[in-house]
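Chemist:
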Amino acid sequence: MAVDIKQGTAFGWYISLSANSVHTWNEIESKFHTQFYRTKSEVSLLDLSRLVQEPGEAAAAYIARFKKARHRCKVALSEVEFV
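Under the UniProt record's numbering, the residue at position 63 of the sequence shown is numbered 63, and the numbers go up by one with no gaps.
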């Protein structure tokens with residue numbers, strides 16, 4: 001199956017760029033990432049403190065969700081401080 005690149009959100013964005021607004025591949029890559037690439041936001045200690053086990057959520061699922069959020073927290077704390 002062939003892909004038609006002359007349609008879609010990315011193509012619409014590309015053709016809407018002002019003429020001569022991009023001069024290098026790095027510039028277009030940077031503009032593309034700014035437009036379309038969304039990074040996960042950093043988690044604060046307050047965010048972690050607000051995580052609670054949802055009704056009906058298995059303990060293992062809650063712990064996994066907490067650990068995933070904890071890895072996005074850039075504050076250096078020991079394991080004891082997280083408990």
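Even glycine gets a Cβ: it sits at the ideal position worked out from N, Cα and C.
Since this is a predicted model, take the numbers as computed values, not measurements.
Can you find the residues in the same chain that come closer than 6 angstroms, C-beta to C-beta, to leucine 45, ignoring five residues on each side of it along the sequence?
Modeler: Numbered from its first residue, the sequence shown carries residue 45 at position 45. These residues qualify, in order along the chain: Val75.
Chemist: Among all the DSSP beta bridges, which residues are the ones paired with valine 43?
Modeler: Within the sequence shown, numbered from 1, the residue matching residue 43 stands at position 43. For valine 43, which the question treats as bridged, DSSP gives the partners Cys73.
Chemist: Grouping DSSP H, G and I as helix and E and B as strand, with all else coil, what is glutamate 29?
Modeler: In the sequence shown, residue 29 corresponds to position 29, counting from 1. DSSP places glutamate 29 in helix when its eight states are reduced to three.
Chemist: Can you tell me whether glutamine 53 is helix, strand or coil according to DSSP?
Modeler: As a working note, residue 53 is residue 53 in the sequence shown. Residue state, collapsed to three classes: coil.
Chemist: Using DSSP with H/G/I as helix, E/B as strand and the rest coil, what is serine 78?
Modeler: Taking the sequence shown and counting its residues from 1, one reaches residue 78 at position 78. Looking at serine 78 - three-state DSSP - the assignment turns out to be coil, as it is neither helix nor strand.
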